[in-house]
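Novice:
4 protein chains.
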Amino acid sequence: MIEKKSKERDTKPATAKLLIACPDRSGIIAAVAGFIAAHKGNIVEADQHSDPLENAFFMRVEIEREGFDLSSNLFPVVWQPLAERFQMRWRMEWGDRPKRMAVMVSKESHCISDLLWRWSSGELRVELPLVVSNHPDLQELVTRSGVAFQYLPVSSGGKKQQERQVLELFDAQKVDFVVLARYMQVLSRSFVAAYRDRIINIHHSFLPAFAGARSYHQAFDRGVKIIGATSHFVTDVLDDGPIIAQGTLPVDHRDSVEDLVRKGRDLERVVLATAVHQHVEDKILISGRKTIVFD
Amino acid sequence: MIEKKSKERDTKPATAKLLIACPDRSGIIAAVAGFIAAHKGNIVEADQHSDPLENAFFMRVEIEREGFDLSSNLFPVVWQPLAERFQMRWRMEWGDRPKRMAVMVSKESHCISDLLWRWSSGELRVELPLVVSNHPDLQELVTRSGVAFQYLPVSSGGKKQQERQVLELFDAQKVDFVVLARYMQVLSRSFVAAYRDRIINIHHSFLPAFAGARSYHQAFDRGVKIIGATSHFVTDVLDDGPIIAQGTLPVDHRDSVEDLVRKGRDLERVVLATAVHQHVEDKILISGRKTIVFD
Amino acid sequence: MIEKKSKERDTKPATAKLLIACPDRSGIIAAVAGFIAAHKGNIVEADQHSDPLENAFFMRVEIEREGFDLSSNLFPVVWQPLAERFQMRWRMEWGDRPKRMAVMVSKESHCISDLLWRWSSGELRVELPLVVSNHPDLQELVTRSGVAFQYLPVSSGGKKQQERQVLELFDAQKVDFVVLARYMQVLSRSFVAAYRDRIINIHHSFLPAFAGARSYHQAFDRGVKIIGATSHFVTDVLDDGPIIAQGTLPVDHRDSVEDLVRKGRDLERVVLATAVHQHVEDKILISGRKTIVFD
Amino acid sequence: MIEKKSKERDTKPATAKLLIACPDRSGIIAAVAGFIAAHKGNIVEADQHSDPLENAFFMRVEIEREGFDLSSNLFPVVWQPLAERFQMRWRMEWGDRPKRMAVMVSKESHCISDLLWRWSSGELRVELPLVVSNHPDLQELVTRSGVAFQYLPVSSGGKKQQERQVLELFDAQKVDFVVLARYMQVLSRSFVAAYRDRIINIHHSFLPAFAGARSYHQAFDRGVKIIGATSHFVTDVLDDGPIIAQGTLPVDHRDSVEDLVRKGRDLERVVLATAVHQHVEDKILISGRKTIVFD
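Chains as they are written, first to last, in the working numbering: chain P, 219 to 513; chain Y, 219 to 513; chain D, 219 to 513; chain A, 219 to 513.
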């Protein structure tokens, strides 16, 4: 197995990330920054966003662990009064351990091979306990990187049973979030609910154009001059969840459907990796049907 | 009135442009190139495209006028047998005079002011006999560039009558093609028929996403991370004609609808100008619902 | 003269912008946000940046004017202790009046005509008291927009005298900042000093590649596949000042130098307008040879 | 070893590619197309380019193998008179067998892992007999894909001897072209001569900006707002050969050198793969210090 480079991890000091959403009003930044300063925390990065239409406020604060005088046990207790005062939804990511990512694939190798490389090179700071597939095709590609590959076909006992097996595996492996790297199955409502806001998909079009299957064929038939790819959180409605990242690429009349597919692969890989990277770094807040990405 | 710079026009030799569409088979290029060589024509530029799905062949040949021994009168006669042999649809643009462009506008100034500048600077090689609008707002902007502005409101006698007036004006001015520079009216079927494949529109979204009105509002509500603009030929179906050019631009959660509108303006201007430029240079062939742009 | 649309101005509440640079340490955000909250200010937008290499901290805070209990007279007095405690360089932009912009041009019209349109349409919130040129060519273009045009040739009394005349005009007109919209003269050291960090230039290449004259010729000779444009603050060293914005565009072997010039014009206009927009909105902080653009 | 998908290979008919460079004059296209038609060849794709400054003409013709009545033995004989008449430099690529590609690497894995995936998935139609490195680090990554890895350090016997060993290996493996996938050694003049116009490098900047080492550090120090990558043919002068492909990506003040390196990796991989793809498809002609890429 390839030894992961830990260089990148070392250049930055260890930080905790505080994510906040609440109704907008004066004094929130002062209260939060004052709280952190009072507990000897150094703010390494802070981002805010006010949505005047929804009267909503969003904030992400990255606090240096060294010097901060609150432990992960103590913090919720001390923080609670302030959170209640401003009616905050919040979470604190202490960064003590990397998130655990599971990947679901079918037959296409371009996204998973890209993720495997980013993981093994240390660029993507996650643990990767397993890859699940409804087809056996990518077994060797995955296992030779030292990652467990679980083949769980849908056909045998129906989708319901297969999804139950998948969820049991994820549960056993303490999976934090799921990446659909060209997994060609629609997930059931209950599966989505189990990992609400924690399933990231890559769709091979510039959504909302060309949702559903055969996106490149649709794009080819419409004669577009630009193709796209979209990474989004999965919700109950197909290809409709909050968009995290998008990319586009020029094409022209010389490009066949096969050319669109080929060019699109490069786009899909980069757009998916961007979204995964932002999720891993806790840079994303969900606001209704949209994302706020503090990048 | 500003004197048009003629520098750009002078650097290139005068050329005629031959555009061909026909069923695909062997020997077309040889036949066409042989014909031109036999008549002492020098091919300055040649582009071909084969569409295997439609078994169609498209070609654009730019021939230096100097030396070519066929006049515009004689050419059709001599060319006809070859054209029939290959069942060609074709046209020859002799480039003796600039095309005459009419522009239709409503209240938004960004596209028309951009076209006016490109025209007055000599970048766009067209004559611009008039701008028509269903609102009076842009009158001064247009007339101070030395271009006639005709205010023809829709309300008074209904759209039918207004379109008739517009067509009469275009007819009187020998208009070759029409640009809808943010003209906020849907044209009737008969108007479109009068300038079939010669009406160029700019739509403020990445079609087919967000067709119809309020595209930026739709984009904002969907939370896209990229906005777009699309220039296309107008057909009977709204926002559905063959796409000529598209452009995209990244946006994020900080962008309000107003920001999308502002950023989109720059995109619309450039995408529309690109499409108009390609049409003026006779670089576009229409193939069903698509364009072939030999750029 | 065209009436400026004030729609865009109205959608956002009036704000003051506080810009801060100081050595990095804990508690700055808390102190600043606490100060503003104590004076009943609502923070509409806040951005920070820590530069660990230079141990520097930068901050931009946008405060709603309504409710904030400090006037422009009082603020410096009350703020001073905090500013001293953190060794801040700072400025407060109250936004009471638009900045006054002067533009310098030579013969090329694309950038100035673009700025004129953005100004007259109300997109660019500045006053535009005059355009100065060392050539008479653009006089009509400028004056018909209702802007004063001053022709000050360099030849007559040498550059020194011409620059003195320009500075006197700027002084009389209370010019806040200067835009070089393809002004083809190198400014003297003393001129630059008079408007330090307030002269914005557009260079027709992707700096640092192809500095100096004839950038598109250089790019053509090198056979690049992408061209660029760069907007930067002017310093004593030619084409070397802090970069504000850059843009790029693909080209290929079919593009002549004239094509590069034509395509480049669109790039230059947008990149310059972006930089001017960011300066007008007080979004730029200069840090040595770099800019921090809180966009 | 992963079985290569041959799907993509099958969709297109087998073709031969004829590449021509000669002085520009009338009748070349007619002569070439007439020759091919006379020998029952069907032209699937044809591209031409005239360079008026150099009075040079370039052409690429793709001919369907089926039906074409000249064999690879016979073609040169029958073609010679026409080639001489127009003083052509030419080559005919029959496409009978994939090109054989060798890759040289040092320690960075992003480009080689990308090339390995493109090769193993069948996207890149080459044979890949070996990867050579002056460091042992990437041995496992390469060999587990079923590709031979040869570790040839420079230190031991000097660069001269190492290069001799490399060339012997390439010779034994009948290598057609060489890809430098972040090989951190300058090749000697004689090595370059052995594979003139057949060594493709990826440089981690937008050349000609930031040539030489530590490009991202240079870019960071200059405070650019866009980074780039450049793929070019290697010549005797460092980072100066004909550019094949370039790409760019926006960055800002928040990006550290490490961020530039990380973002740049994605750019480098795609730009290098694009250039290699174009070379493999025989789409590139070299004209002095430039490339003509018929894409």
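Just so it is clear, CB atoms sit at the ideal spot from N, CA and C, and this is done for glycine as well. Bear in mind the structure is a predicted one, so any value in this text is a computation, not a measurement.
Give the DSSP bridge partners of A:Ser505, in chain order.
Specialist: As a position in the fourth sequence, residue 505 of chain A is number 287, starting the count at 1. In the DSSP output, where bridge partners are listed per residue, A:Ser505 has A:Lys508.
Novice: Tell me whether Y:Glu221 is buried or exposed, calling it buried when 16 or more other Cβ atoms sit within 10 Å of its Cβ.
Specialist: Taking the first residue of the second sequence as 1, we reach residue 221 of chain Y at position 3. Bear in mind that a pLDDT of 36 at Y:Glu221, under 50, signals an unreliable position, so the number given afterwards is only what the model happens to contain. Exposed, by the Cβ-count rule.
Novice: Are the Cβ atoms of A:Val350 and A:Val384 separated by less than 8 Å?
Specialist: Counted from its first residue, the fourth sequence places residue 350 of chain A at position 132. Counted from its first residue, the fourth sequence places residue 384 of chain A at position 166. Yes, these two residues count as a Cβ contact at 8 Å.
Novice: Could you tell me whether the region 409 to 418 of chain D touches the region 448 to 461 of chain D, using the rule of 3 or more Cβ pairs below 8 Å?
Specialist: Yes, the region 409 to 418 of chain D touches the region 448 to 461 of chain D.
Novice: Is there a Cβ from chain P that is less than 8 Å from the Cβ of D:Ile418?
Specialist: Mapped onto the third sequence, residue 418 of chain D falls at position 200. Not one chain P Cβ lies under 8 Å of D:Ile418.
Novice: For P:Gln464, which of helix, strand or coil comes out of DSSP?
Specialist: Stepping through the first sequence from its first residue, residue 464 of chain P is reached at position 246. Three-state DSSP puts P:Gln464 in a strand.
Novice: Taking all protein chains shown into account, decide if D:Lys225 is buried (16 or more other Cβ within 10 angstroms of its Cβ) or exposed.
Specialist: Taking the third sequence and counting its residues from 1, one reaches residue 225 of chain D at position 7. Confidence is the limiting factor: at D:Lys225 the pLDDT is only 39, short of 50, which leaves the residue's position unreliable, though a coordinate-based value still follows. Looking at its Cβ environment, which holds fewer than 16 other Cβ atoms inside 10 Å, D:Lys225 is exposed.
Novice: Taking only runs of the beta strand (DSSP E) that begin and end inside the region 421 to 498 of chain D, which ones reach a length of at least 3 residues, in chain order?
Specialist: Segments of the beta strand (DSSP E) lying fully in the region 421 to 498 of chain D: 444 to 451 and 461 to 468.
Novice: Please return the same chain residues whose Cβ sits closer than 6 Å to the Cβ of Y:Arg278, not counting the five positions on each side in sequence.
Specialist: Numbered from 1 along the second sequence, position 60 holds the residue referred to as residue 278 of chain Y. Taken in chain order, the residues that qualify are Leu237, Asp265 and Phe512.
Novice: With a threshold of 6 Å on Cβ separation, who are the neighbours of P:Ile444 within its own chain once the five nearest residues in sequence on each side are excluded?
Specialist: Residue mapping note: residue 444 of chain P aligns to position 226 of the first sequence, counting from 1. Once the five neighbours on either side are set aside, the close Cβ partners of P:Ile444 are Thr466 and Pro468.
Novice: Could you check what DSSP says for P:Ser560 in three-state terms: helix, strand or coil?
Specialist: Nothing about residue 560 of chain P can be read from this structure; chain P reaches only from 219 to 513.
Novice: Counting only runs that start and end within the region 245 to 278 of chain A, where is the beta strand (DSSP E) found for 3 or more residues in a row?
Specialist: Within the region 245 to 278 of chain A, the complete beta strand (DSSP E) runs of at least 3 residues are 261 to 269.
Novice: Does DSSP put P:Ala234 in a helix, in a strand, or in coil?
Specialist: If you number the first sequence from 1, residue 234 of chain P lands on position 16. Looking at P:Ala234 - three-state DSSP - the assignment turns out to be strand.
Novice: Find the residues of chain D that neighbour A:Gln464, judging by a C-beta separation of less than 9 Å, and give them in chain order.
Specialist: Here residue 464 of chain A refers to the residue found at position 246 when the fourth sequence is read from its first residue. Going along chain D in sequence order, the residues near A:Gln464 (Cβ under 9 Å) are Val442, Lys443, Ile444, Thr466 and Pro468.
Novice: If you reduce the DSSP assignment to three classes, tell me which class Y:Asp513 lands in.
Specialist: Here residue 513 of chain Y corresponds to residue number 295 of the second sequence, with the count starting at 1. DSSP places Y:Asp513 in coil when its eight states are reduced to three.
Novice: What residues of chain Y sit near P:Phe238, judged by a beta carbon separation below 8 Å?
Specialist: Against the first sequence, residue 238 of chain P aligns to sequence position 20. Looking at the sequence shown, residue 238 of chain P is not Phe but Ile. Neighbours of P:Ile238 on chain Y: none; closest Cβ ~15 Å, over 8 Å.
Novice: Quick one: what's got a C-beta closer than 8 Å to P:Ile357's C-beta in the same chain, skipping five residues either side?
Specialist: Here residue 357 of chain P refers to the residue found at position 139 of the first sequence. Ile is not the amino acid found at residue 357 of chain P; the sequence shown has Gln there. These residues qualify, in order along the chain: Ser351, Phe367 and Tyr369.
Novice: Rounded to whole angstroms, what is the Cα-Cα separation between A:Gly285 and A:Gly259?
Specialist: Residue numbering aside, residue 285 of chain A sits at position 67 when the fourth sequence is read from its first letter. Residue numbering aside, residue 259 of chain A sits at position 41 when the fourth sequence is read from its first letter. Between A:Gly285 and A:Gly259, the C-alpha separation is close to 6 Å.
Novice: Below 8 Å CB to CB, which residues in the same chain sit around Y:Pro215 once its five sequence neighbours on both sides are set aside?
Specialist: No information on residue 215 of chain Y is available, as it lies outside the stretch 219 to 513 that chain Y covers here.
Novice: So which residues on chain P does A:Val323 lean against when the C-beta distance must stay under 8 Å?
Specialist: As a first step, residue 323 of chain A must be located in the fourth sequence, where it is residue number 105. Within 8 Å Cβ-Cβ: nothing; A:Val323 doesn't reach chain P, min ~14 Å.
Novice: Identify whether P:Glu341 lies in helix, strand or coil by the three-state DSSP scheme.
Specialist: If you number the first sequence from 1, residue 341 of chain P lands on position 123. In the structure shown, P:Glu341 sits in coil (DSSP, three-state: anything other than H, G, I, E or B).
Novice: How is the beta strand (DSSP E) around P:Ala320 delimited, first residue to last?
Specialist: Counted from its first residue, the first sequence places residue 320 of chain P at position 102. Lys317 to Val323 is the span of the beta strand (DSSP E), which, as asked, contains P:Ala320.
Novice: Where do the ends of the beta strand (DSSP E) carrying Y:Trp308 lie?
Specialist: One-based indexing of the second sequence puts residue 308 of chain Y at position 90. From DSSP, the beta strand (DSSP E) with Y:Trp308 extends over Arg307 to Glu311.
Novice: Thinking just about the alpha-carbon of each residue, which of D:Met306, D:His257 and D:Ala437 is nearest to the one in D:Phe293?
Specialist: Position 75 of the third sequence, counting from 1, holds the residue named residue 293 of chain D. Closest option to D:Phe293, Cα to Cα, is D:His257.
Novice: Could you tell me whether the region 469 to 488 of chain Y touches the region 393 to 404 of chain P, using the rule of 3 or more Cβ pairs below 8 Å?
Specialist: No, they do not touch.
Novice: Suppose contacts are defined by Cβ-Cβ distances below 8 Å. Is P:Asp394 in contact with P:Met319 by that definition?
Specialist: Against the first sequence, residue 394 of chain P aligns to sequence position 176. Against the first sequence, residue 319 of chain P aligns to sequence position 101. Yes, Cβ-Cβ distance for P:Asp394 and P:Met319 is below 8 Å.
Novice: Rounded to the nearest angstrom, what separates Y:His422 and Y:Gly364 at their Cα positions?
Specialist: The residue you call residue 422 of chain Y lines up with position 204 of the second sequence. The residue you call residue 364 of chain Y lines up with position 146 of the second sequence. Looking at the two C-alpha atoms, the distance is approximately 28 Å.
Novice: Taking the alpha-carbon of A:Leu478 as reference, which of A:Arg440, A:Ile462, A:Leu456 and A:Asp457 has the nearest alpha-carbon?
Specialist: The residue you call residue 478 of chain A lines up with position 260 of the fourth sequence. The shortest C-alpha separation from A:Leu478 is found at A:Arg440.
Novice: Select from Y:Lys392, Y:Cys240, Y:Arg382 and Y:Glu499 the residue whose C-alpha is nearest the C-alpha of Y:Arg303.
Specialist: One-based indexing of the second sequence puts residue 303 of chain Y at position 85. When only C-alpha atoms are compared, the closest one is Y:Cys240.
Novice: Can you tell me whether P:Ala493 is buried or exposed, with buried defined as 16 or more other CB within 10 angstroms of its CB?
Specialist: Here residue 493 of chain P refers to the residue found at position 275 of the first sequence. Result: buried.
Novice: Is A:Trp335 close to chain E? Criterion is C-beta to C-beta, closer than 8 Å.
Specialist: Going by chain labels, chain E is absent from the structure shown, which instead holds the protein chains P, Y, D and A.
Novice: Count the other CB atoms within 10 Å of the CB of A:Glu386; is the residue buried (16 or more) or exposed (fewer)?
Specialist: Locating residue 386 of chain A in the fourth sequence gives position 168, counting from the first residue. Exposed is the call here.
Novice: So with CB distances below 7 Å, who are the chain P contacts of A:Ser331?
Specialist: Your numbering for residue 331 of chain A matches position 113 in the fourth sequence. The contacting residues are Trp335.
Novice: How is P:Leu288 classed by DSSP in three states: helix, strand or coil?
Specialist: The sequence position of residue 288 of chain P within the first sequence is 70, counting from 1. Correct three-state label for P:Leu288: coil.
Novice: Since A:Ile261 meets chain Y, which of its residues come closer than 9 Å, beta carbon to beta carbon?
Specialist: In the fourth sequence, the residue the question calls residue 261 of chain A occupies position 43. Those within 9 Å of A:Ile261 in chain Y are Ser244, Gly245, Ile246, Ile247, Ala248, Gln266 and Ser268.
Novice: My guess is that A:Lys230 and A:Gly313 are in contact by the Cβ rule of under 8 Å, so how many angstroms apart are they, rounded?
Specialist: To locate residue 230 of chain A, count along the fourth sequence from 1; it is residue 12. To locate residue 313 of chain A, count along the fourth sequence from 1; it is residue 95. With 8 Å as the limit, A:Lys230 and A:Gly313 do not qualify as a contact, their Cβ atoms being about 10 Å apart.
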